[in-house]
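>
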Amino acid sequence: MRELTASLVGNPLHEHIKVTVFIDGLRMGPARPQLFRVQASTLEEAIQVALQEEYSHHQARTPASAWPGGSTPSANRTAPSGPVPMELGLAEQQDVRCYGRGRLGHMKRACPARGQRKRFPPRPLGLKGRWQKPRPRGQCAGGAHHGNVAPESLCTLKAEKGSGGLLVVHARVREYELPFRVLIDFGASKNFARRQAVASNSNKLADALRESTGKGTVSVQLADGKVITVPRIHMDLAVKLEDFDSSEQFTVLEMDKYDLILGMPWLEKHEPWIDWRGKQLVQAALQYPTEHW
1 MRELTASLVG NPLHEHIKVT VFIDGLRMGP ARPQLFRVQA STLEEAIQVA
51 LQEEYSHHQA RTPASAWPGG STPSANRTAP SGPVPMELGL AEQQDVRCYG
101 RGRLGHMKRA CPARGQRKRF PPRPLGLKGR WQKPRPRGQC AGGAHHGNVA
151 PESLCTLKAE KGSGGLLVVH ARVREYELPF RVLIDFGASK NFARRQAVAS
201 NSNKLADALR ESTGKGTVSV QLADGKVITV PRIHMDLAVK LEDFDSSEQF
251 TVLEMDKYDL ILGMPWLEKH EPWIDWRGKQ LVQAALQYPT EHW
C-alpha cells in the first residue's frame, strides 16, 4: 500500500494502476479472484467489491445461530465431547447472506435480482421495417391462403401497393450475358424465374424442357389470390448477387417485371442482413463480426 499512499502526495497514478497495485497487495482470499472477474475500473470500485466479498465470505462462515433470531441450543441438548464435522453444503445454501439484499441462501454476485430484466421476443418486421402481426401458417404476405395448393406458391406483393418496401436488385447469372432483375421476396415459398429471361439461352431452356417431360404440372398461387397451373419446369441457375454466389433451383413461370424471384429457399440458405433504407444485402458475418474471447 506504500505506492498508493505515495501517489496521494506525489504524482497521482492512473486509476487502472491503482487497481492493479491494490489487487497485488491483497492476500490470497475470496476478494482477489472476485476482483479479477469484475475488472473494476476505479480504486473506489475495487475497494467496494473487496469489502462486499469479504463480508459475504465472513457471513458464509458464521453459523446461523449467531444471527439475531437464530436458533439457540436447547437446554436439554448435551454438548458433544469431541469435534463435530461441519456440513459445508448446508452452510453454503442456508448460512450465506447476500450483501445487497441481506437475505440468506446466496451471495451478491449470484443474486437472482441482480441484472434481472424482462425479455421480450423479437417482433416480426415487415418489408418497411414496421411491426406486423404474425400471419397464420399457410397464409402468404399478400393475404391469400395456400393451404390446399402445391408447395410452389408465389406470394409476391404487388409493386403498386408496396413498391417502396420491395427490395429489387440486379444479379449476374452464369451463361447469360445481361444482368437479371431480381426481387427478394420473403413471401415466396420457392425461387421463380421468368421464362422470357431464361429463354435467351435457348440451349439451357431446351435442356430444362426436355428434363421436365412427364413430370406433370404445378399449381402456383399469385399475390392477388389467383391460382394458375403451369408445367413443372425446374432450372438450376448459378446466381451471383453482391457477396452471395450460389446455385439455386428455380421454377419457370410466365412473369413480368422481374426476371428472378428469390424466395425462402435462398433466404434460409444465406440468411442475409437486409438494409431496407439503403436497398442493400449484407452477409450476416460481415455485419456482425464474431467476437473472440
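Per full-length UniProt numbering, the sequence shown runs over residues 1 to 293.
For each residue, glycine too, the CB sits at the ideal point set by N, CA and C.
Over what stretch of residues does the alpha helix (DSSP H) that includes M264 continue unbroken?
Here residue 264 refers to the residue found at position 264 when the sequence shown is read from its first residue. That run of the alpha helix (DSSP H) goes M264 to H270.
> If we call anything under 8 Å between Cβ atoms a contact, is A223 one with R174?
Within the sequence shown, residue 223 is the residue found at index 223, counting from 1. Within the sequence shown, residue 174 is the residue found at index 174, counting from 1. It is not a contact, given that the beta carbons lie outside the stated cut-off.
> Please report the distance separating the alpha-carbon of K215 from that of T251.
Taking the first residue of the sequence shown as 1, we reach residue 215 at position 215. Taking the first residue of the sequence shown as 1, we reach residue 251 at position 251. K215 and T251 have their C-alpha atoms spaced approximately 13 Å apart.
> According to DSSP, simplified to helix, strand and coil, what is S202?
Position 202 of the sequence shown, counted from the start, is the residue given in the question as residue 202. It is helical.
> Assuming contact is defined by CB atoms lying nearer than 8 Å, are L267 and F186 in contact in what I supplied?
As a working note, residue 267 is residue 267 in the sequence shown. As a working note, residue 186 is residue 186 in the sequence shown. Yes. Within cutoff.
> Does the contact criterion of 3 or more C-beta pairs under 8 Å hold for the region 189-206 versus the region 242-258?
yes
> Can the beta-carbon of I23 be found less than 8 Å from the beta-carbon of A46?
Translated into the one-based positions of the sequence shown, residue 23 becomes position 23. Translated into the one-based positions of the sequence shown, residue 46 becomes position 46. In contact: I23 and A46 (Cβ atoms closer than 8 Å).
> For the candidate residues T217, S212 and Q280, whose alpha-carbon lies nearest to that of L241?
As a first step, residue 241 must be located in the sequence shown, where it is residue number 241. The shortest C-alpha separation from L241 is found at Q280.
> Taking E248 as the reference, give the member of T229, S200, K269 and Y258 with the closest Cα.
Numbered from its first residue, the sequence shown carries residue 248 at position 248. Closest by alpha carbon: K269.
> Short of 6 Å in beta carbon distance, which residues of its chain neighbour P265, apart from the five on each side in sequence? Order them along the chain.
For this step, residue 265 is matched to residue 265 along the sequence shown. N191.
> With a cut-off of 8 Å on the beta carbons, I'd call L167 and I274 a contact; round off their distance for me.
If you number the sequence shown from 1, residue 167 lands on position 167. If you number the sequence shown from 1, residue 274 lands on position 274. The Cβ separation is near 6 Å, so the contact holds.
> Just tell me which of H14, P272, D259 and L26 has its CA closest to the CA of S200.
Position 200 of the sequence shown holds residue 200. Minimum Cα distance to S200 is reached at D259.
> On the criterion of 16 or more Cβ atoms from any shown chain inside 10 Å, does A206 qualify as buried, or is it exposed?
Here residue 206 refers to the residue found at position 206 when the sequence shown is read from its first residue. Exposed, by the Cβ-count rule.
> Could you tell me the distance, in whole angstroms, from the CA atom of D236 to the CA atom of S246?
Residue numbering aside, residue 236 sits at position 236 when the sequence shown is read from its first letter. Residue numbering aside, residue 246 sits at position 246 when the sequence shown is read from its first letter. If you take the alpha carbons of D236 and S246, they lie about 10 Å apart.
> Excluding the 5 residues preceding and the 5 following G278 in the sequence, name in chain order all residues of the same chain whose CB lies nearer than 7 Å to its CB.
Residue mapping note: residue 278 aligns to position 278 of the sequence shown, counting from 1. For G278, where only same-chain residues beyond five positions count, there are no Cβ hits under 7 Å.
> At the level of alpha carbons, what is the spacing between R210 and G263?
Along the sequence shown, read from residue 1 onward, the residue named residue 210 stands at position 210. Along the sequence shown, read from residue 1 onward, the residue named residue 263 stands at position 263. When rounded, the separation of the alpha-carbon atoms in R210 and G263 is 25 Å.
> Does I228 pass the burial test, meaning 16 or more other C-beta atoms within 10 Å, or should it be called exposed?
Counting from 1 along the sequence shown, the entry for residue 228 is found at position 228. It is exposed - the Cβ of I228 has fewer than 16 other Cβ atoms within 10 Å.
> What does the alpha-carbon distance come out to for the pair G164 and K226?
Here the question's residue 164 lines up with position 164 in the sequence shown. Here the question's residue 226 lines up with position 226 in the sequence shown. Interpretation of G164 is limited by its pLDDT of 46, a score under 50 that renders its predicted location unreliable; no figure is taken from the coordinates.
> For a test of the three-state rule: what should DSSP assign to P121, helix, strand or coil?
The residue labelled residue 121 in the question sits at position 121 within the sequence shown. Residue placement at P121 cannot be trusted, given a pLDDT of 47 that sits under 50; the coordinates are not used to answer.
> When you compare each of S202, N203, H234 and V198 to T213 by their alpha carbons, which one comes out closest?
What you label residue 213 is simply residue 213 of the sequence shown in a count that begins at 1. Relative to T213, the option among S202, N203, H234 and V198 whose CA is nearest is H234.
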